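Okay, structure first, notes after.
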Amino acid sequence: MKLYVIGIGPGGENEMTLRAARALEKCNCVAGYNLYLDLIENLLDGKERIQTGMMKEVDRCTAARDAALSGKTVAVISSGDSGVYGMAGLMFELCENYTEIEIEVIPGITAACSGGAVLGSPLTCDFAVVSLSDLLTPWEVIEKRVRSAASGDLALVLYNPASKKRIDHLMRVCDMILEYQSPDTVCGIVRNIGREGESFELMTLSKLRDTQVDMLTTVFIGNSRTKIISGRMVTPRGYRGV
Ligand code: SAH
1 MKLYVIGIGP
11 GGENEMTLRA
21 ARALEKCNCV
31 AGYNLYLDLI
41 ENLLDGKERI
51 QTGMMKEVDR
61 CTAARDAALS
71 GKTVAVISSG
81 DSGVYGMAGL
91 MFELCENYTE
101 IEIEVIPGIT
111 AACSGGAVLG
121 SPLTCDFAVV
131 SLSDLLTPWE
141 VIEKRVRSAA
151 SGDLALVLYN
161 PASKKRIDHL
171 MRVCDMILEY
181 QSPDTVCGIV
191 RNIGREGESF
201 ELMTLSKLRD
211 TQVDMLTTVF
221 IGNSRTKIIS
231 GRMVTPRGYR
241 GV
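For what it's worth, the working numbering labels the leading residue of the sequence shown as 1, then goes sequentially.
Structural data, given as structure tokens:
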């Protein structure tokens, strides 16, 4: 039996790959966070839904596994890519002892790529991705990873930059990066990528430090060569020797 773990990209069906859309067609049961299911509502006609709130990932994925065991063709949906802070890893763990289930992971456009495209081309060279959520990762580990990226002059993408309970995480991270990088480092924030109300803003690292963001935002911090060209954020690859 088959269980699909599908990354649907950042927004609605327009942001999905054809492979993801075709796999979804084959399914009669779909599990996912309500917001993501609503984004692709047009593709879910007649399909059973397994939906729970944001904090119920394990329950939802267990229910998806059990639905697959009962003979349904199930899709577990993540926004962006299902392997990047998504459900793919958890599904492998939950299905470890159910060898009859074959898991197919279908990649999607992660926020680093879709948000990067909105800003311009901030990730042309080496970059790192760090989530600022300390729900599942200790804060000290997050700090260590951010410092490693900043000391290596990697461009940096921050997922989960803030929540209602974590209002000062971005400020703390910027203060660490300021130990290695100039306050004028080019940064960008993108909100609601691929969704209604999509918006972006470019700013310096020192301004980013004092900016409030929310969970629907992805943050980009350039490397030492990142610049603004025609109002967009660009990290040069180096072709022009500048
Ligand atoms: N699997 C997702 C990431 C989930 S973690 C992916 O690959 O994109 C959730 C974080 O991802 C959010 O807090 C935000 O930082 C980022 N994110 C995901 N979708 C987004 C969108 N449409 N617009 C802006 N940020 C987004």
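Positions of the beta carbon are idealized from the N, C-alpha and C atoms, including for glycine.
Note that the coordinates shown come from a computational prediction; the quantities given were computed from them, not determined experimentally.
Assignment of Cys187 by DSSP, reduced to helix, strand and coil, places it in the strand class. If one requires a minimum length of 3 residues, the beta strand (DSSP E) runs lying completely within the stretch 185-239 are 186-191, 199-204, 217-221, 227-229 and 232-234, in chain order.
When the five nearest sequence neighbours on each side are left out, the beta carbons in the same chain lying within less than 6 Å of the beta carbon of Ser151 are those of Tyr180, in order along the chain. For Gly152, the CB stays at least 7 Å from every heavy atom of ligand 1.
Around the CB of Asn97, fewer than 16 other CB atoms lie within 10 Å, so the residue is classed as exposed. Set against 7 Å, the gap from the CB of Ala149 to the closest heavy atom of ligand 1 is not smaller. The Cβ atoms of Glu104 and Tyr4 lie closer than 8 Å to each other.
The DSSP-derived three-state label of Glu48 is strand. Rounded to the nearest angstrom, the gap between the Cα atoms of Ile189 and Ile50 is 32 Å. Around Glu48, the same chain offers Cys29 as residues with beta carbons nearer than 6 Å, after the five sequence neighbours per side are excluded. Three or more Cβ pairs closer than 8 Å define a contact, and the stretch 150-167 meets that threshold against the stretch 123-137. Annotation: the continuous beta strand (DSSP E) that includes Tyr4 extends over Lys2 to Gly7. For ligand 1, no non-hydrogen atom lies closer than 7 Å to the CB of Thr99. A distance criterion of 7 Å places the beta-carbon of Arg195 in contact range of ligand 1, judged by its closest non-hydrogen atom. Going by DSSP, Glu104 is part of the beta strand (DSSP E) stretching over Glu102 to Ile106.
Assignment of beta-bridge partners to Ala128 by DSSP yields Leu156. As a beta-bridge residue in DSSP terms, Ser78 pairs with Gly7. Linking Thr211 to Asp126 through their CA atoms gives a straight-line distance of about 25 Å.
Partner residues in a beta bridge of Ala20, as assigned by DSSP, do not exist.
Distances taken from the Cβ of Tyr4 to the heavy atoms of ligand 1 include none shorter than 7 Å.
Taking the C-beta atoms as reference points, Tyr159 is found nearer than 8 Å to Tyr85. DSSP lists Ile50 and Val76 as the beta-bridge partner residues of Ala31. Around the beta carbon of Asn42, fewer than 16 other beta carbons lie within 10 angstroms, which makes this residue exposed. Using a Cβ-Cβ distance cut-off of 8 Å, the stretch 19-26 and the stretch 195-208 are not in contact, since fewer than three pairs of beta carbons, one from each stretch, lie closer than that value.
Counting other Cβ atoms within 10 Å of its Cβ, Ile229 stays below 16 and is therefore classed as exposed.
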